[in-house]
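Engineer: What follows is a single structure, and I will ask about it in a moment.
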Amino acid sequence: MITAGIDCGAKTVKVVVIKDGQVVGKSLVPAGIDAKGAAEKAFDEALAQAGLSRKDVAKVVSTGTGRKEPTFRDEEVTEVTADARGAVFLFPQARTVIDVGAEEGRAIRVDAAGKVVDFAVNEKCAAGAGAFVEAMARALEVDLEEMGKLSLQAKQAVPMNAQCAVFAESELVSLVHAKTPKPDMARAIHDAIADRIVSMVRRVGAEPEVVLIGGVAKNVGFVDSLSRDLETEVKLPDDPEMVGALGAALIAAE
Amino acid sequence: MAKYKTEPLKLWNKAKEIRLQYYKNYAEAHEKGGLRWVGGAWTFDAVPAGLGDDVYSLTSEPYGASIAYDKKFALECQEAIEKVGYARDLCAYMRNYWGSVLLDKYAFGGPFPKPDFIWQDHICCSHAKWYQTVSELEGGIPMYCVDVSVGPYPPFGEMTPEKIDYVAGQLLDGIEWLEKVTGRTFDDEKFIEACWNDFRSTHTWAKICQLNENIPAPLDEKSMYSLYVLATLQKSWKVVADFYDELYEEVKERVERGIAAVANEQCRVMTDTQPPWAFLKIFRYMEQYGCVSVGSLYTWGLEGMWVYDEKEGRLYPRPMPDHKPRDREEACRMLADWHLQKPEYQHFYSPEYKSKMMIAIAKQAKLNGVILHYNRGCEGLSLGIAENRLAIQKAGFPVMTFEGNMGDEREFDEERTKQRIDAFMETLGVKRVEN
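Protein sequence lines, in the order shown, are assigned to chains A and B.
Reminder that position 146 of the first sequence reads as 146 in the numbering used here, one-by-one numbering, no gaps.
Add 254 to a position in the second sequence, counting from 1, and you land on the number used in the numbering used here.
Put into structure tokens, the structure is as follows:
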């Protein structure tokens, strides 16, 4: 059976096509302002990679903020359900799933059967999401990948309140004026976002194994801060931003 | 085909008429030679009733909520009050109310009707301050405020005769104060009758809420807001007490005939605290999942009077007093004792008490889950909600939270709240029954 999952996020659209439980095609395209068009493009790209056409796909399940956008969807599920399904498929022992995307961070606790027991989502503030990290990278004048690596070279922890992205930026300016080494500032940023995320994770209860998904999972500096804050190892999938789409494809196959 | 039969409440229009009549009575009081007073929904409104039948009130919280429902006017009020320097994180009802006074615009038309006196009680940090500012904005209205901070009611604490007398004594002093500021003679018989109406209203509303333990629920919380509000306006008004008697009979009959509030009821939840009034449509959104909110400690226990049985972990409507008060002193003591048991008073002393009562409702009403509003607009009733969440979860009920504000729409995100509801319904295994 061939099914597809499409995750229409705030910044990117991800598609995973599976055949009998195996990934046969995937794609990631920028969401832009034409969400419907982006969904079409991402779907076609994933199908082309798999050497399939739309008629070969038995069912499409959409998820993500823009999950109502794809006109070709058969069903839709929320990110919470899709994330949990995808993460538990990749890590059967997973009990806590943390998803940090561009605009939203969420923590999900699942039971042994993979059923969602509780979840928490960040409120109206980007200080616990990827957009915040990007803003801080711009302020530090480094690219995202470099900021992650810099963070690992930090010699000391510098406190940063980061109640919101705007104030965090002014704090960063103060750190620059105080001649704080760049690696320490990079770590301060990652520690701040990790604090926000961990407080949300503790709300639902952090039980191992902990799996981190979403685009921000590619940031080694953030992963380091998060692991330290949680005092536990954080499992990372190969394609962290594709897990929601994978979960949706798996749900479509059920 | 729908799972259950449903039909509108026969008394729906009557409830709306009573509410509008109340606001009209207040506005037109002076034209009829009467008096106007303002105070909170929690205040002992039976006491000013002793001044005569032509004395009309305007209670502040429902008035603030009425403004909130009108997004455009609410924003106008909020901006007006912020412009003179009041902070945005203050009580949202209070800001709406102050804005209305400052703009001199009454939500029901015309200029804001200036009160003759203020009769308030102090339940949270905003309540006395609220009217201190109103008094100042209106050029110095005489104000009397009753302190009710005597500790929790049994079984959560001890209620001694001295504690009752502390509150009752203030009411007795207040009667003398009322005579002095209005120049009127206090009528004990009218006061005693108003006390009795108060007991009737708050006892019967609890009995009505108790009927919602039935499956299917005869009432949904969105509708309950339009019904419980009458007690927040003037629980001591005979019209309100009589209305609740009629309503009880109608809701009981709905239960007997299996009439549901939500025709496809398949999921039962409760909420907490005031909702975001400008977005009551989220309740209709929940109904797409066949999800009915049967109420909350807020709708059941802000005006409903209940007894919490610690041993059984159950809530029962508090029985009516076995006799009418015989004199002014006894009326004040009975009124104080009655209202100090109000469920919504208890959590000011510990979130643990509130959790116990919420869990009792969750069990009695056979709920599938609980939806909690982190209401940034009410410091008092939001106190300890995060603690309540943990306790309710520990008792085995899934909980969803959402952030918002009862009176300031700028702090509520409708789409994200809907997305949370979607996710919560999925985790409960509830499928959408309508689009």
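Where a beta carbon is used, it is the ideal one built from N, C-alpha and C, also for glycine.
With 16 as the cutoff for other CB atoms within 10 Å, does S550(B) come out buried or exposed?
Structural biologist: S550(B) should be labelled buried.
Engineer: Below 8 Å between beta carbons is the criterion; list the residues of the segment 109 to 137 of chain A that meet it against any residue of chain B, in chain order.
Structural biologist: The residues in question are K115, V116, V117, D118, F119, A120, V121, E123 and K124.
Engineer: Is any beta-carbon of chain B found at less than 8 Å from that of V201(A)?
Structural biologist: For V201(A), the answer is no, since every Cβ of chain B falls outside 8 Å of its Cβ.
Engineer: Output the distance between the C-alpha atoms of Q156(A) and Q386(B), rounded to the nearest integer angstrom.
Structural biologist: Cα-Cα distance, rounded: 51 Å.
Engineer: Counting only beta-carbon atoms, is T737(B) nearer than 8 Å to chain A?
Structural biologist: Within the shown structure, residues of chain B are numbered from 255 to 689, placing residue 737(B) beyond reach of any answer.
Engineer: On a Cα-Cα basis, can you pick out the residue from G658(B), N642(B), G364(B) and N659(B) that is closest to F651(B)?
Structural biologist: The residue with the shortest Cα to Cα distance from F651(B) is N642(B).
Engineer: Using a Cβ cut-off of 7 Å, pull out every chain B residue sitting near V77(A), in sequence order please.
Structural biologist: By Cβ distance, chain B contributes E680.
Engineer: Where does the unbroken alpha helix (DSSP H) through N253(B) begin, and where does it stop?
Structural biologist: Here chain B covers residues 255 to 689 and nothing more, so residue 253(B) does not appear.
Engineer: Measuring only between beta-carbons, confirm whether V211(A) sits less than 8 Å from chain B.
Structural biologist: For V211(A), the answer is no, since every Cβ of chain B falls outside 8 Å of its Cβ.
Engineer: Tell me which residues share the same chain as T12(A) and place their Cβ nearer than 8 Å to its Cβ, disregarding the 5 neighbours each side in the sequence.
Structural biologist: Hits under 8 Å: L28, V29, P30, A31, A102, G215 and E241.
Engineer: Since V355(B) and Q542(B) are thought to touch, with beta carbons under 8 Å apart, how far apart are those beta carbons, to the nearest angstrom?
Structural biologist: Contact flag wrong, Cβ pair sits at about 40 Å.
Engineer: Between Q673(B) and chain A, is there a C-beta pair that is closer than 8 Å?
Structural biologist: Yes, contact with chain A.
Engineer: Do Y498(B) and I446(B) come within 8 Å of each other at the CB atom, strictly closer than that value?
Structural biologist: No, these two residues do not count as a Cβ contact at 8 Å.
Engineer: Which residues in chain B sit within 9 Å of V268(A), going by Cβ to Cβ distance?
Structural biologist: With chain A running from 1 to 254 in the structure shown, residue 268(A) is simply not present.
Engineer: Consider the Cβ of E63(A): report whether some Cβ of chain B lies at a distance smaller than 8 Å.
Structural biologist: The amino acid at residue 63(A) is misidentified as Glu; the sequence shows Thr. Chain B contact via Cβ: absent.
Engineer: Between T527(B) and H627(B), how many whole angstroms is the CB-CB distance? I'm expecting something under 8 Å.
Structural biologist: Right, their Cβ atoms sit about 5 Å apart.
Engineer: One question on the structure: do T297(B) and D375(B) come within less than 8 Å of each other, judged by their Cβ atoms?
Structural biologist: Closer than 8 Å, so yes.
Engineer: Quick check: what's the CA-CA separation for F537(B) versus A517(B)?
Structural biologist: Taking the straight line joining both Cα atoms gives about 14 Å.
Engineer: Pick helix, strand or coil for W491(B), following the three-state DSSP scheme.
Structural biologist: W491(B) falls in the coil class under three-state DSSP.
Engineer: Can at least three beta-carbon pairs, one atom from the segment 453 to 472 of chain B and one from the segment 559 to 573 of chain B, be found at a separation below 8 Å?
Structural biologist: Flag = yes, the segment 453 to 472 of chain B and the segment 559 to 573 of chain B touch.
Engineer: Kindly indicate which three-state DSSP category K155(A) falls into: helix, strand or coil?
Structural biologist: Three-state result, K155(A): coil.
Engineer: Could you round the C-beta distance between I6(A) and P70(A) to whole angstroms and report it? I think they count as a contact, below 8 Å.
Structural biologist: About 5 Å; that satisfies the 8 Å criterion.
Engineer: Let's see if you can read the secondary structure: which residues bound the beta strand (DSSP E) around E657(B)?
Structural biologist: First-last of the beta strand (DSSP E) with E657(B): V653 to G658.
Engineer: Start and end of the alpha helix (DSSP H) containing M397(B)?
Structural biologist: From DSSP, M397(B) is part of no alpha helix (DSSP H) but of the beta strand (DSSP E) over M397 to D401.
Engineer: With a cut-off of 8 Å, does the C-beta of E668(B) fall near any C-beta of chain A?
Structural biologist: It does not; no Cβ of chain A falls within 8 Å.
Engineer: Who are the neighbours of T71(A) on chain B, taking C-beta pairs under 7 Å?
Structural biologist: In chain order: nothing, as chain B lies at least about 15 Å away.
Engineer: Report yes or no: is there a C-beta of chain A within less than 8 Å of the C-beta of D676(B)?
Structural biologist: Yes - at least one Cβ of chain A is within 8 Å of the one on D676(B).
Engineer: Please list, in chain order, the chain B residues whose beta carbon lies closer than 7 Å to that of V166(A).
Structural biologist: By Cβ distance, chain B contributes nothing, its closest Cβ being about 16 Å from V166(A), past 7 Å.
Engineer: What's the C-alpha gap between S480(B) and A328(B)?
Structural biologist: So the alpha carbons of these two residues sit roughly 19 Å apart.
Engineer: Which residue wins for smallest C-alpha separation from A82(A), given the options A135(A), E123(A), K14(A) and A58(A)?
Structural biologist: Out of A135(A), E123(A), K14(A) and A58(A), K14(A) has the C-alpha closest to the C-alpha of A82(A).
Engineer: Establish whether the CB of V80(A) and some CB of chain B are separated by less than 8 Å.
Structural biologist: Cβ-Cβ to chain B under 8 Å: yes for V80(A).
Engineer: Using the DSSP secondary-structure output, state which residues sit across from R580(B) in a beta bridge.
Structural biologist: Answer by DSSP bridge pairing: none, since R580(B) is not bridged.
Engineer: For E475(B) and V388(B), which I take to be in contact (beta-carbon distance under 8 Å), what is that distance rounded to the nearest angstrom?
Structural biologist: Not really, about 30 Å apart at Cβ, beyond 8 Å.
Engineer: Could you pull out every residue in the same chain whose Cβ sits closer than 6 Å to the Cβ of G148(A), ignoring the five residues on either side in sequence?
Structural biologist: Closer than 6 Å at Cβ, skipping near neighbours: N219, V220 and G221.
Engineer: Can you give me the Cβ contacts of W450(B) inside the same chain, cut-off strictly under 7 Å, excluding the 5 residues immediately before and after it?
Structural biologist: Cβ within range, chain order: K578.
Engineer: Please name the residue, chosen from A112(A), S199(A) and E233(A), that lies closest to V211(A) on a Cα-to-Cα basis.
Structural biologist: Out of A112(A), S199(A) and E233(A), E233(A) has the C-alpha closest to the C-alpha of V211(A).
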